[in-house]
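This note's numbering numbers the first residue of the sequence shown as 1 and each following residue consecutively. Backbone N, C-alpha and C define an ideal beta-carbon position, used for all residues, glycine too. See below for the structure under consideration.
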Amino acid sequence: QVQLVESGGGLVQPGGSLRLSCAASGFTFSQYTMSWYRQAPGKERELVARISPTGGSTNYADSVKGRFTISRDNAKKTVYLQMNSQKPEDNAVYYCHAAVPAGGWGQGTQVTVSS
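Dropping the structure here:
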């Protein structure tokens, strides 16, 4: 079955950087769009970034454009989210998503931006 395992979250100071990883299994990774979402306390889950199967096309939420970069390594079946110049408003649980027919979500990884 589809499995997505996120890692790399943690505590970072404002202006700092973190890189999230999502290791995928149970489906043909290279054929599917992958995305990162986030959910802050009391808010709805929102799309952060999306990447096409080949990595040739990416989309970002306006709030992270120029600061975050999504990438993927199809050989490693892994998608990444490089987060730079982090702000307190980036505090959230970050989820990996695979656009497979049955839908696929990871368990989430907490990112806390605080001094």
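The three-state secondary structure of GLU46, taken from DSSP, is strand.
Beyond the five residues adjoining it in sequence on each side, ALA23 comes within less than 6 Å, by CB distance, of VAL5 and THR78 in the same chain, given in chain order. CA-CA distance, PHE29 to VAL100, rounds to 9 Å.
Here THR109 is buried. Its C-beta has 16 or more other C-beta atoms within 10 Å. For ASN84, there is no enclosing beta strand (DSSP E), as DSSP marks it with neither H nor E. For ASP62, the closest alpha carbon among the candidates ARG72, ASP90 and GLY55 is that of ASP90. In the DSSP secondary-structure assignment, GLY104 is bridged to ALA98.
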